[in-house]
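> So that we are looking at the same thing, I have put the structure below in structure tokens.
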Amino acid sequence: MSDNEQAEAAEDAEAEAEDAGTEEATEEVTEGIQDGDFVKIAYTIRTADDGQVIDTTDEEIAEDAEIDTEEYDFEPRTIAIGAGHIFGTVEDELIGAEVGEEGVIDIPAEEAFGEYDPEEVETVAADKIPEDDRYPGAQIQIDQRQGRLETIIGGRARVDFNHPLAGEDLEYEYEILEVIEDREEKAKGLLGMHLQEEPEVRIETETVEEENEEGELEEVEQESLYIEATPQMQMNQQWMFQKQQVAQDLMDRLDLDRVVIEEVIDGGGMGGMGGMMGGMGGMGGGEADLEEALEEADVDAEELVEEIDEE
């Protein structure tokens, strides 16, 4: 074999090795959890310095950390990989992982809530702070900015606008429980991440008429996500101000045509009025029901008609 032939053979072998390596790398990337997958995960987040629990899905851990367990639901969360629901460092770690895997991920401060910035500590006029919040440690909001009141002397207040966990390295302990395939479960999970609650949902396929390119009406199928709006949702400020963005996120990630919000009013204090309105609004009994109602109210129907005519 000539030198040229040996060189060509070596180049061919090297090219084949590179191709094999590329294929192997591709296989590694495409195995396990991928960007866009919905994953149910149990986790606990602690500060790396002193182990303070700042978030968890485990009620026992929350109780041990003296977190109010009556205010929150402690159960595994459904997250969408790539949706920004969790720290980027954690998402990177979960890509390629398998159900059942668990571990602890170190998150440096700059990739968590940022480094502490002394310039974010500012002096403001005390009258910008409500009187009830004029004490050290109070969480306050000034000009759309959230901060913590450090000191207040006379007419001036010192406010720290850094995130309370700025400068803190974190530890993210996790266990991957399952990959969610059901789209209604995915929808509930997405809403849970946005609202901290999971309302009842359903996906329905409906036939509607749409105008085609020729201007003619034709029947097409579309999928709609129906969300039962709870009273808590309607009071949720994030939902009130970001309803459109949340709905668009749901449509994009779940390949839906539209989102329908259903307001449900349960029976209770207004039950009597609901019954009355239902009976009269439907006009099911006609004039007989109306005359009967007037008799019960001790009103002469003929006199009432005459009075109306006179007016």
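Residues 5 to 315 (this note's numbering) make up the sequence shown, in order.
Note that CB positions come from ideal geometry on N, CA and C, so glycine has one too.
1) Out of curiosity, what's the CA-to-CA distance linking Trp243 and Glu79?
2) Take Glu210 as the anchor and find which of Asp186, Val264 and Gln200 has the nearest alpha-carbon.
3) So Thr60 and Ala52 are in contact, right, with Cβ under 8 angstroms, and what is the actual spacing, rounded?
4) With contact counted as at least three CB pairs below 8 angstroms, one residue from each stretch, are the region 110-130 and the region 177-187 in contact?
5) Given this structure, state the Cα-to-Cα distance separating Glu97 from Glu172, to the nearest angstrom.
6) Helix, strand or coil for Glu31 per DSSP?
7) Just the C-alpha distance for Tyr230 and Asp261, rounded to the nearest angstrom, thanks.
8) Looking at the structure shown, is Leu181 part of a helix, part of a strand, or coil, going by DSSP?
9) Quick check on Gly289: buried or exposed, where buried means 16 or more other Cβ atoms within 10 Å of its Cβ?
10) What is the C-beta distance between Glu102 and Gly40, in whole angstroms, given that I count them as a contact (C-beta under 8 angstroms)?
11) One question on the structure: do Glu177 and Thr48 come within less than 8 angstroms of each other, judged by their Cβ atoms?
12) Out of Val212, Leu195 and Val163, which one is the CA nearest neighbour of Gln145?
13) Assuming contact is defined by CB atoms lying nearer than 8 angstroms, are Lys192 and Leu258 in contact in what I supplied?
14) Nearest by alpha-carbon distance to His167: which of Asp136, Val125, Gln246 and Ile156 is it?
15) With DSSP as the reference, please indicate the residues paired to Gly107 in a beta bridge.
16) Between which two residues does the alpha helix (DSSP H) containing Gly55 stretch?
17) On a CA-only basis, which of Gly151, Gly159 and Glu179 is nearest Leu169? Give me that one, please.
18) Could you compute how far the alpha carbon of Glu179 sits from the alpha carbon of Thr127?
19) According to DSSP, is Glu220 helix, strand or coil?
20) What are the start and end residues of each continuous beta strand (DSSP E) run of 3 or more residues lying completely inside the region 131-162, in chain order?
21) Between the alpha carbons of Asp137 and Gln241, how many angstroms are there, rounded?
22) Hey, out of Leu195, Gly196 and Ser228, whose CA is closest to Arg206's CA?
23) When DSSP labels each residue in this structure, what does Asp59 get in the three-state scheme?
24) Once the 5 residues before and after Gly86 are set aside, which same chain residues still bring their CB inside 6 angstroms of it?
Put simply:
1) 22 angstroms
2) Val264
3) Incorrect: roughly 16 angstroms between the Cβ atoms, too far for contact.
4) no
5) 20 angstroms
6) At Glu31, the pLDDT of 47 sits below 50, so the modelled position is not reliable and the matter cannot be decided from this model.
7) 11 angstroms
8) strand
9) At Gly289 the pLDDT is 49, less than 50, meaning the model places this residue with poor confidence and gives no usable figure here.
10) Actually they do not touch by this definition, with Cβ atoms about 17 angstroms apart.
11) yes
12) Val163
13) no
14) Val125
15) Tyr178
16) Element bounds for Gly55: n/a, residue is neither H nor E.
17) Gly151
18) 44 angstroms
19) coil
20) 143-146 and 149-157
21) 21 angstroms
22) Ser228
23) strand
24) Asp39 and Gly40
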